[in-house]
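Position 138 of the sequence shown, counting from 1, maps to 138 under UniProt numbering, and the rest follow consecutively.
Heads up, the thing below is written out as structure tokens.
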Amino acid sequence: MSRIGEVLRGFPVIGALRSSNTKDLREEDLRFCSVYFILEGDIFEARRIVALADDSVAFFLHLDLFGGIAPDEAGFLLLRELFPRVRGIISTRARTLTLARRMEFITIFRLFCIDSESLRTGLKVIQEVGPDAVEVLPGIVFPKICRFLPLEGFPPVICGGFIRTPKDVRDILKSGALAVSTSAKDLWKMNEALKECR
């Protein structure tokens, strides 16, 4: 099983947390997913969010959009000390992911699929860095573009962006993605039913 698969524990819906959906975040909101992506904010906001969740919940930080932690060795050491439940780093930057991997964080490369050139460039970075997983954005296009991704040796795929309905989630998972990330709280509740089906 992949490193990302281990922390997902069979729950394929990842909660995506942005400033727009964390202001009124409550403890009960964080009981549906085994993993949450903190996609923006700072160390103070992250501390508040992590404190709301059960100890079994893992968090991933999108370090490119995060304030208070530098993507260097000292920053990763501080992150591990302040937030031991942050298991992984999300980034578009090869250098950040390479260092995060060396510091034993699970790494997720964000692959923006806006055209064939961006896909080609992203695939080169994936080959160079070897992340633990790839987040395809916008995730809603994955069923259409999955045939353009190399099957052999490709990291597990997570899809995020414009995923609004249960049908979107099911179609993406049927197309071969390991998981979806979404800020739509009502979709987080799908985890229990999806786990039973897998």
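Even glycine gets a Cβ: it sits at the ideal position worked out from N, Cα and C.
Quantities reported herein were computed from a predicted structural model and do not represent experimental measurements.
- For the segment 143–185, the full-length beta strand (DSSP E) segments reaching 3 residues or more read 157–160, 179–182 along the chain.
- Residue 51 carries a helical assignment under DSSP once its states are collapsed to helix, strand and coil.
- The segment 143–155 makes no contact with the segment 187–195; the number of CB pairs closer than 8 Å stays below 3.
- Here the alpha carbon of residue 103 sits roughly 18 Å from the alpha carbon of residue 2.
- Distance from the Cα of residue 125 is smallest, within the candidate group 117, 114, 109, 136, for 109.
- In the DSSP assignment, residue 91 falls within the beta strand (DSSP E) that extends over 86–91.
- Residue 67 carries a strand assignment under DSSP once its states are collapsed to helix, strand and coil.
- Across the set 175, 123, 77, 10, the C-alpha of 123 shows the shortest separation from the C-alpha of residue 92.
- Burial check for residue 12: the Cβ neighbour count within 10 Å reaches 16 or more, so the residue is buried.
- In summary, residue 87 is buried, with 16 or more beta-carbon neighbours lying within 10 Å of its beta-carbon over all protein chains present.
- Judged by DSSP in its simplified three-state form, residue 134 adopts strand.
- Around the beta carbon of residue 16, a 10 Å sphere encloses 16 or more other beta carbons of the protein chains shown; the residue is thus reported as buried.
- Bridge partners of residue 72 according to DSSP: none are assigned.
- In the structure shown, residue 42 falls within a strand segment according to DSSP collapsed to helix, strand and coil.
- Under the three-state reduction of DSSP, residue 10 is assigned to coil, being neither helix nor strand.
- Residue 114 and residue 164 have their C-alpha atoms roughly 19 Å apart.
- Between residue 80 and residue 54 the beta-carbon gap is near 20 Å, outside 8 Å, which marks them as no contact.
- The Cβ atoms of residue 44 and residue 90 lie no closer than 8 Å to each other.
- The DSSP-derived three-state label of residue 57 is coil.
- Ranked by Cα distance from residue 85, the first of 94, 64, 132, 105 is 105.
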